[in-house]
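So the sequence lines, in the order shown, correspond to chains A and B. For the first sequence, this note's numbering gives the first residue as 1, with consecutive numbering after it. For the second sequence, this note's numbering gives the first residue as 1, with consecutive numbering after it. See below for the structure under consideration.
Protein chains: 2
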Amino acid sequence: MPHNHDEALKHVKSEMPADELLQDLGDLFKVFGDTTRIKIMYALHEDELCVCAIAELIGMTQSAVSHQLKALKNANLVASRREGKTIYYRLSDEHVKSIIAQGFEHITEN
Amino acid sequence: MPHNHDEALKHVKSEMPADELLQDLGDLFKVFGDTTRIKIMYALHEDELCVCAIAELIGMTQSAVSHQLKALKNANLVASRREGKTIYYRLSDEHVKSIIAQGFEHITEN
DNA sequence: ATTTCATATGAATGATTGTTCATATGTTCA
DNA sequence: TGAACATATGAACAATCATTCATATGAAAT
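In structure tokens, the structure reads:
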């Protein structure tokens, strides 16, 4: 007969967050899981930039950048403000920076 | 004529990490960007567990869990040790916990 | 040795996703 | 009002990826 893990799981089970929350967490990290979006976030690390500046910096089309900015905005990772024809994007909070910083540490330490 | 962002980009450009590093960073977060793997990491948050215990806990097949554990191991997010037939997995370092914690904060604060 | 249990792995499939292209929206200026 | 610029968006296509199924490896026990 297969072995039993009721004991081992009893505690862990009670500490598991709700499925919906774990799903949201996965969805959040999915947004970080793309080089283009990482580049965009890095570009906004110090200061806001307009869409076409971002596009020029990372060497992608305006359309591609715009699509990705939308994904970042949906995840509340960037915010924007309009100034005439131009729209400036910035990081929306400090979590972005600390998540990236932790990831950076991880890959540079191994 | 389109507007110019040489000034705005001059500083940012010099601060951008190498492309390869940004790629690695995206690849790392890609591993976090899946509910099954998030569940696995959460399950290992406090203590090591064997593969079949994880499978039972999160309600997935042994095969699926094994595949995902491999992805986690490739990214150095989990480590394993063998004890007879059983293989126990654990989180490999503190970055895992802090990255998840930061993500958690982000989604619960908005 | 062979059976049983624990885990790993390869191939296949269905679903998700990033980019491109064409075009739409919104703003300014003449 | 119309032209030019900045950005957004929808559809389509290619590529990536998670799960399943079947099977392989590895270890213990009888």
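Note that CB positions come from ideal geometry on N, CA and C, so glycine has one too.
In this structure, how does DSSP classify residue i when only helix, strand and coil are distinguished?
i: E105/B; result: helix
i: A79/A; result: strand
So residue i is in the beta strand (DSSP E); what residue range does that whole segment cover?
i: L91/A; result: T86 to L91
What residue does the alpha helix (DSSP H) around residue i start on, and which one ends it?
i: G26/B; result: D19 to F32
i: D6/B; result: D6 to E15
i: M41/A; result: T35 to A43
i: H3/A; result: Here H3/A belongs to no alpha helix (DSSP H), and DSSP marks it neither H nor E.
Residue i bridges to which residues according to DSSP?
i: L57/A; result: Its beta-bridge partners do not exist; DSSP assigns none.
i: L49/A; result: Y89/A
Can you list, in chain order, the residues of its chain whose CB lies under 8 Å from that of residue i, leaving out five sequence neighbours each side?
i: G103/B; result: F32
i: K97/B; result: H45 and L91
i: A55/A; result: T61, Q62, A64 and V65
Residues in the same chain with beta-carbon distance under 7 Å from residue i, minus the five sequence neighbours each way, listed in chain order, please.
i: Q68/A; result: T36, R37 and I40
Round the Cβ separation of residue i and residue j to the nearest angstrom and send it over; I've been treating them as touching at under 8 Å.
i: S66/B; j: N76/B; result: So it is not a contact: roughly 18 Å between Cβ atoms.
i: L28/B; j: I107/A; result: 6 Å
i: Y89/B; j: E48/B; result: 6 Å
i: S80/B; j: K73/B; result: 7 Å
i: Q62/B; j: V51/B; result: 6 Å
Output needed for residue i: all residues of its chain with C-beta closer than 6 Å, excluding positions within five of it in sequence on either side, in chain order.
i: L9/B; result: none
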